[in-house]
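S.K.:
2 protein chains.
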Amino acid sequence: MATVAWKQLLLNALESNSHLKHSTFFQLATVGTNGTPSNRTVVFRGFQDNTDNIQINTDARNRKIEELKRWPSAEICWYFTDSWEQFRIHGNIDIIDGANPDPLKLQQREKSWFANSLRSRSQYLGPNPGLPRLIEQAQPEVSLDPSTGPVDAFCLLILEPDQVDYLNLKSNQRLTFKTVVSAATDKSWVMERVNP
Amino acid sequence: MATVAWKQLLLNALESNSHLKHSTFFQLATVGTNGTPSNRTVVFRGFQDNTDNIQINTDARNRKIEELKRWPSAEICWYFTDSWEQFRIHGNIDIIDGANPDPLKLQQREKSWFANSLRSRSQYLGPNPGLPRLIEQAQPEVSLDPSTGPVDAFCLLILEPDQVDYLNLKSNQRLTFKTVVSAATDKSWVMERVNP
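First to last, the sequence lines map onto chains A and B. FYI, my numbering numbers position 92 of the first sequence as 92, with every residue one higher than the one before it. So the number in my numbering is just where the residue sits in the second sequence, counting from 1, plus 196.
(1) Would you say the segment 275–289 of chain B touches the segment 355–371 of chain B, given that touching needs at least three Cβ pairs under 8 angstroms?
(2) If distances are taken between C-alpha atoms only, which option among A:6, A:189 and A:56 comes closest to residue 116 of chain A?
(3) Does DSSP put residue 241 of chain B in a helix, in a strand, or in coil?
(4) Note down, in chain order, each residue of its chain lying with its Cβ closer than 7 angstroms to the Cβ of residue 205 of chain B, except the 5 sequence neighbours on either side.
(5) Between the segment 242–259 of chain B and chain A, which residues of the former have a C-beta closer than 7 angstroms to a C-beta of the latter?
(6) For residue 182 of chain A, which three-state DSSP category applies?
(7) Pair every Cβ in the segment 27–36 of chain A with every Cβ in the segment 222–238 of chain B, then say whether three or more of these pairs are closer than 8 angstroms.
(8) The alpha helix (DSSP H) that contains residue 16 of chain A, what's its start and end?
(9) Which same chain residues end up closer than 8 angstroms to residue 84 of chain A when comparing Cβ atoms and leaving out the 5 residues on each side of it in sequence?
(10) Give me the subset of the segment 215–226 of chain B whose CB atoms are less than 7 angstroms from a CB atom of chain A, sorted by chain position.
(11) If we ignore side chains and look at the alpha-carbon of each, how far apart do residue 4 of chain A and residue 87 of chain A end up?
(12) Check the DSSP bridge columns for residue 79 of chain A and list the partner residues they point to.
(13) If you draw a straight line from the C-alpha of residue 320 of chain B to the C-alpha of residue 154 of chain A, how long is it?
(14) Which of helix, strand or coil does DSSP assign to residue 321 of chain B?
(15) Cβ of residue 196 of chain A less than 8 angstroms from any chain B Cβ?
(16) Against residue 77 of chain A, what residues of chain B qualify as contacts under a CB-to-CB distance less than 7 angstroms, listed in chain order?
(17) Along chain A, which residues have their Cβ under 7 angstroms away from the Cβ of residue 284 of chain B?
(18) Could you tell me which residues DSSP pairs with residue 290 of chain B in its beta bridges?
(19) I want to verify the contact list: residues of chain B whose CB lies under 7 angstroms from the CB of residue 74 of chain A, in sequence order.
(20) Are the beta-carbon atoms belonging to residue 273 of chain B and residue 61 of chain A less than 8 angstroms from one another?
(21) Any idea what DSSP makes of residue 24 of chain A, helix, strand or coil?
(22) Is the segment 126–133 of chain A close to the segment 373–391 of chain B, with three or more CB pairs under 8 angstroms?
(23) So which residues of chain A does residue 327 of chain B contact, with C-beta pairs closer than 8 angstroms?
(24) In the DSSP assignment, the beta strand (DSSP E) including residue 189 of chain A goes from what residue to what residue?
(25) Would you say residue 324 of chain B reaches chain A, if we count a Cβ-Cβ gap shorter than 8 angstroms as a contact?
(26) Quick one: grab the DSSP three-state call for residue 311 of chain B.
(27) Could you list which residues in chain A have their beta carbon closer than 7 angstroms to that of residue 277 of chain B, in chain order?
(28) Have a look at residue 249 of chain B and residue 70 of chain A and give me their C-alpha separation to the nearest angstrom.
(29) If you compare alpha carbons, which of A:159, A:120 and A:34 is closest to residue 146 of chain A?
(30) Using C-beta distances below 7 angstroms, list every residue in its chain close to residue 347 of chain B, excluding the 5 sequence neighbours before and after it, in chain order.
(31) Would you mind sorting residue 114 of chain A into buried or exposed? The rule is 16 or more other CB atoms within 10 Å of its CB.
(32) Quick check: what's the CA-CA separation for residue 300 of chain B versus residue 101 of chain A?
(33) Give every residue of the same chain whose Cβ lies closer than 6 angstroms to the Cβ of residue 373 of chain B, excluding the five residues on either side of it in the sequence, and list them in chain order.
(34) Between residue 110 of chain A and residue 149 of chain A, which are expected to be in contact by the criterion C-beta below 8 angstroms, what is the C-beta distance as a whole number of angstroms?
(35) Relative to the alpha-carbon of residue 230 of chain B, which residue among A:81, A:173, A:79 and A:74 has its alpha-carbon at the smallest distance?
(36) Please determine, among B:216, B:211, B:239 and B:247, the residue with the shortest C-alpha to C-alpha distance to residue 382 of chain B.
So, in structure tokens, the structure goes:
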């Protein structure tokens with residue numbers, strides 16, 4: 001199966017910006033429980049197998065989980081600071097936490113857990129993110145066995161793109177990609193060149 | 197009047213990352229007309245006079261204007277790639293286009309227009325952003341007189357922050373700032389240290 005055009009552009013951008021640590025960081029926008037937008041930086045954890053679905057790890061105790069349960073729609077804004085390319089990727093997010101009833105999804109969560117460094121995994125054992133920090137609260141020494149599977153707070157998010165807007169500020173080109181779903185065929189993409 | 201604490205942190209971050217062109221770029225999330233989140237990179241155009249209000253320039257023909265007219269709530273996510281600091285700044289946006297009835301706001305729009313380079317100003321004379329681009333469409337040579345005032349498409353956005361979330365990934369510190377409005381006093385901010 002051929003790689004969809006926007007995914008190829010994204011793979012190229014990841015390659016040409018790979019010397020920058022922050023090239024795998026992007027901003028994820030969701031709609032808050034009160035209907036207002038939320039926006040935060042998260043880390044790209046690769047595509048799901050051979051699909052164009054985007055994987056993100058998060059702490060299940062974070063506010064965005066509540067937001068996504070209510071309204072699964074999200075938009076990634078990913079700006080590559082060296083190649084001056086922007087990808088806006090819209091889609092719905094599937095939340096895979098430890099309570100997920102699908103054994104295949106639990107396997108994916110486990111795989112994603114072990115793909116993290118031991119240091120990253122230890123963060124999921126820290127105090128509840130966003131809650132007030134007590135001054136006297138000592139930082140406990142967390143030691144995590146490398147063979148320990150995903151802890152409760154570890155959550156895998158999978159964003160399935162349905163719309164992509166690509167902008168190249170060097171060539172001043174802008175392309176939009178939209179999914180077309182028909183009963184007879186798989187999901188396919190339609191590309192259009194638009195004014196930047 | 198003392199500078200509010202989060203603004204001082206932001207000024208420090210702008211200073212320590214000023215060697216990077218992209219340090220003035222941030223991601224702005226809004227809620228789309230269909231209730232889904234939108235997210236795009238925009239450029240910081242300074243604070244409004246001596247306030248903590250954040251200025252952004254945009255093309256009035258962009259989709260985000262429609263979105264903001266319906267729902268003025270927005271959240272900035274601003275990640276500084278050298279100092280590893282993130283600012284999430286939530287607030288409502290005031291749209292100042294050429295049809296604004298307030299002469300003081302029109303003055304601010306004009307000031308913001310002339311603060312742009314001549315090249316940046318010329319972009320507002322280009323074809324309608326986001327509309328299909330015709331292959332045969334030649335790029336017209338745009339020549340703009342330096343003394344020409346703001347064109348119709350030029351729009352000044354002013355975000356008035358009401359909540360800020362600061363995260364420092366080097367020191368692993370996180371602070372939240374919330375506004376408290378009372379009838380007797382001006383807007384004031386309450387800071388809290390929270391778990392990262």
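Glycine included, C-beta positions come from ideal geometry on N, C-alpha and C.
M.R.: Looking at the coordinates:
(1) Verdict: yes, contact present.
(2) Along the first sequence, one-based indexing puts residue 116 of chain A at 116. Selected option, being the one with the closest Cα: A:56.
(3) As a working mapping, residue 241 of chain B is identified with position 45 in the second sequence. If DSSP states are grouped into helix, strand and coil, residue 241 of chain B belongs with coil.
(4) Here the question's residue 205 of chain B lines up with position 9 in the second sequence. Answer for residue 205 of chain B: 362, listed in chain order.
(5) Cβ proximity to chain A below 7 angstroms picks out nothing from the segment 242–259 of chain B.
(6) Here residue 182 of chain A refers to the residue found at position 182 when the first sequence is read from its first residue. In the structure shown, the three-state DSSP call for residue 182 of chain A is coil.
(7) Taking one beta carbon from each stretch, the segment 27–36 of chain A and the segment 222–238 of chain B have 3 or more pairs nearer than 8 angstroms; the two touch.
(8) Locating residue 16 of chain A in the first sequence gives position 16, counting from the first residue. Bounds of the alpha helix (DSSP H) holding residue 16 of chain A are 5–16.
(9) Stepping through the first sequence from its first residue, residue 84 of chain A is reached at position 84. Hits under 8 angstroms: 168, 169 and 170.
(10) If the cut-off is 7 angstroms between Cβ atoms, the segment 215–226 of chain B has 218, 221, 223, 225 and 226 near chain A.
(11) Reading the first sequence from its first residue, position 4 is the one you call residue 4 of chain A. Reading the first sequence from its first residue, position 87 is the one you call residue 87 of chain A. The alpha-carbon atoms of residue 4 of chain A and residue 87 of chain A are separated by roughly 14 angstroms.
(12) Taking the first sequence and counting its residues from 1, one reaches residue 79 of chain A at position 79. Paired residue(s): A:86.
(13) What you label residue 320 of chain B is simply residue 124 of the second sequence in a count that begins at 1. What you label residue 154 of chain A is simply residue 154 of the first sequence in a count that begins at 1. Answer to the nearest angstrom: the Cα atoms are 46 angstroms apart.
(14) Counting from one through the second sequence, the residue named residue 321 of chain B turns up at place 125. Helix, per DSSP.
(15) Within the first sequence, numbered from 1, the residue matching residue 196 of chain A stands at position 196. It does; some Cβ of chain B falls within 8 angstroms.
(16) Working through the first sequence from its first residue, we reach residue 77 of chain A at position 77. Against chain B, the beta carbon of residue 77 of chain A has neighbours under 7 angstroms at 223, 235, 236 and 237, listed in chain order.
(17) As a working mapping, residue 284 of chain B is identified with position 88 in the second sequence. Taking a Cβ-Cβ threshold of 7 angstroms, the residues of chain A close to residue 284 of chain B are 39 and 40, in chain order.
(18) Residue numbering aside, residue 290 of chain B sits at position 94 when the second sequence is read from its first letter. Within the DSSP bridge table, the entry for residue 290 of chain B names B:354 as partners.
(19) Against the first sequence, residue 74 of chain A aligns to sequence position 74. 233, listed in chain order.
(20) On the second sequence, residue 273 of chain B is found 77 positions in, with the first residue counted as 1. On the first sequence, residue 61 of chain A is found 61 positions in, with the first residue counted as 1. Taking 8 angstroms as the Cβ cut-off, residue 273 of chain B and residue 61 of chain A do not qualify as a contacting pair.
(21) Here residue 24 of chain A is taken as the residue at index 24 of the first sequence, counted from 1. The answer is helix: DSSP assigns residue 24 of chain A an H, G or I state.
(22) The segment 126–133 of chain A makes contact with the segment 373–391 of chain B: 3 or more CB pairs, one atom from each, lie closer than 8 angstroms.
(23) Within the second sequence, residue 327 of chain B is the residue found at index 131, counting from 1. In chain order, 194 and 195 make up the part of chain A whose C-beta sits under 8 angstroms from the C-beta of residue 327 of chain B.
(24) The residue given as residue 189 of chain A occupies position 189 in the first sequence. Residue 189 of chain A -> beta strand (DSSP E) spans 188–194.
(25) The sequence position of residue 324 of chain B within the second sequence is 128, counting from 1. Cβ-Cβ to chain A under 8 angstroms: yes for residue 324 of chain B.
(26) Here residue 311 of chain B refers to the residue found at position 115 when the second sequence is read from its first residue. DSSP places residue 311 of chain B in helix when its eight states are reduced to three.
(27) The sequence position of residue 277 of chain B within the second sequence is 81, counting from 1. Ordered by position in chain A, the residues that pass the 7 angstroms Cβ test against residue 277 of chain B are 22 and 81.
(28) Translated into the one-based positions of the second sequence, residue 249 of chain B becomes position 53. Translated into the one-based positions of the first sequence, residue 70 of chain A becomes position 70. One Cα belongs to residue 249 of chain B, the other to residue 70 of chain A, and the distance between them is close to 31 angstroms.
(29) Position 146 of the first sequence holds residue 146 of chain A. Out of A:159, A:120 and A:34, A:120 has the C-alpha closest to the C-alpha of residue 146 of chain A.
(30) Counting from one through the second sequence, the residue named residue 347 of chain B turns up at place 151. Cβ contact annotation for residue 347 of chain B (same chain, cutoff 7 angstroms, sequence separation greater than five): 320 and 321, in chain order.
(31) On the first sequence, position 114 is the one that residue 114 of chain A refers to. Counting Cβ neighbours within 10 Å, residue 114 of chain A comes out exposed, since fewer than 16 surround it.
(32) On the second sequence, residue 300 of chain B is found 104 positions in, with the first residue counted as 1. On the first sequence, residue 101 of chain A is found 101 positions in, with the first residue counted as 1. Answer to the nearest angstrom: the Cα atoms are 59 angstroms apart.
(33) For the purposes of this step, residue 373 of chain B is taken as the residue at position 177 of the second sequence. Around residue 373 of chain B, the same chain offers 202, 360, 385 and 387 as residues with beta carbons nearer than 6 angstroms, after the five sequence neighbours per side are excluded.
(34) Against the first sequence, residue 110 of chain A aligns to sequence position 110. Against the first sequence, residue 149 of chain A aligns to sequence position 149. With 8 angstroms as the limit, residue 110 of chain A and residue 149 of chain A qualify as a contact, their Cβ atoms being about 6 angstroms apart.
(35) On the second sequence, residue 230 of chain B is found 34 positions in, with the first residue counted as 1. When the alpha-carbon of residue 230 of chain B is set against those of A:81, A:173, A:79 and A:74, the nearest one is in A:74.
(36) As a working mapping, residue 382 of chain B is identified with position 186 in the second sequence. The shortest Cα separation from residue 382 of chain B among B:216, B:211, B:239 and B:247 belongs to B:247.
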